[in-house]
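Below: one structure, written as structure tokens.
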Amino acid sequence: MYITQYAAGPIWRTNACESLGFKGYPAPLQHRGATQRGIIMPIVDMNSVQSAKVEKPFERELKVIMSPDLDEMVKGFSLIESILAPNGGCTDYHAHPVSGELMIIMSGTGIAFMDGKEYELKPGMAMYAPPGVEHRTLNTGNEPVRIACVFVPAIDTSYIIESVKAAKSAGEKNNG
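Position one of the sequence shown corresponds to residue 0 (numbering that gives the first Met the number 0), numbered consecutively onward.
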């Protein structure tokens with residue numbers, strides 16, 4: 000289920016700026032006009048978004064968090080959460096023909112494979128796969144690896160569904 004809440008106006012300026020330690024400051028200049036004109040922004044509780052599951056050998060879950068085809072306020076990007084299962088959950092080698100993918104590691108540990116090289120993954124790391132560059136991620140730890148994946152330009156939700164189907168099919172071939 001996709002839930003969107005909206006925040007706008009002086010509430011954002013006061014709460015967000017003060018929570019960051021900027022007491023008595025208005026919103027940053029780039030946000031003042033937007034909030035004063037009443038423009039709203041989508042806010043999604045990532046924990047409430049339903050996931051699509053992929054079984055072994057590519058054991059993971061995918062959640063479409065924000066995408067233009069889900070919310071008209073979202074423009075130019077898609078946000079997907081990829082959750083790799085502990086002890087070997089992974090993606091297959093894949094590339095995105097049109098979109099670049101920025102991946103931010105939120106939790107867990109693992110390895111990324113890109114452009115013939117291996118990279119250690121741990122919370123707080125970010126990596127970028129340009130359009131057309133094959134990449135793969137693997138969970139090497141005992142807890143899930145949670146990755147926030149930002150696609151620019153935006154990808155359609157149907158692309159994710161097709162990716163899950165392809166991974167399931169590849170997994171069935173490898174297991175069967």
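Using N, Cα and C, we set each Cβ at its ideal position, and we do this for glycine too.
**Request:** Mark M72 as exposed unless 16 or more other C-beta atoms lie within 10 angstroms of its C-beta, in which case mark it buried.
**Result:** In the sequence shown, counting from the first residue as 1, residue 72 sits at position 73. Label assigned to M72: exposed.
Next on the checklist: Quick check on this structure: which residue in E161, E80, V163, D155 has the alpha carbon closest to the alpha carbon of L69?
Outcome noted: Here residue 69 is taken as the residue at index 70 of the sequence shown, counted from 1. Nearest C-alpha to L69: D155.
| said: Considering just the uninterrupted stretch of the beta strand (DSSP E) at I42, what are its terminal residues? | reply: Position 43 of the sequence shown holds residue 42. Where I42 is concerned, the enclosing beta strand (DSSP E) stretches over 40 to 42.
_Less than 7 Å between CB atoms is the rule here; does F112 satisfy it with respect to chain B?_
The chain labelled as chain B is not found in the depicted structure, where only one protein chain is given.
Kindly provide the ranges of any beta strand (DSSP E) runs that are 3 or more residues long and lie completely inside the segment 37 to 110, ordered along the chain. 40 to 42, 51 to 53, 59 to 65, 77 to 83, 99 to 106
I need the DSSP call for V163, collapsed to helix, strand or coil. Residue 163 sits at position 164 when you count from the first residue of the sequence shown. In this structure, V163 counts as helix in the three-state DSSP scheme.
**Report entry** Element boundaries [beta strand (DSSP E), containing K116]
**Finding:** Taking the first residue of the sequence shown as 1, we reach residue 116 at position 117. K116 -> beta strand (DSSP E) spans 116 to 120.
Check: Thinking just about the alpha-carbon of each residue, which of I79, N46, E58 is nearest to the one in S157?
Finding: On the sequence shown, position 158 is the one that residue 157 refers to. Closest option to S157, Cα to Cα, is I79.
| said: For a test of the three-state rule: what should DSSP assign to A26, helix, strand or coil? | reply: Position 27 of the sequence shown holds residue 26. Because A26 sits at a pLDDT of 40, beneath the cut-off of 50, its placement in the model cannot be relied upon, and the following sentence gives the value as read from the coordinates. Looking at A26 - three-state DSSP - the assignment turns out to be coil, as it is neither helix nor strand.
Does the distance from the CB of S50 to the CB of A153 come in under 7 Å? Within the sequence shown, residue 50 is the residue found at index 51, counting from 1. Within the sequence shown, residue 153 is the residue found at index 154, counting from 1. Against a cut-off of 7 Å, the Cβ pair of A153 and S50 comes out as no contact.
Q) Bridge partners of T136, per DSSP? A) As a working note, residue 136 is residue 137 in the sequence shown. Note: T136 sits in a beta bridge opposite A111.
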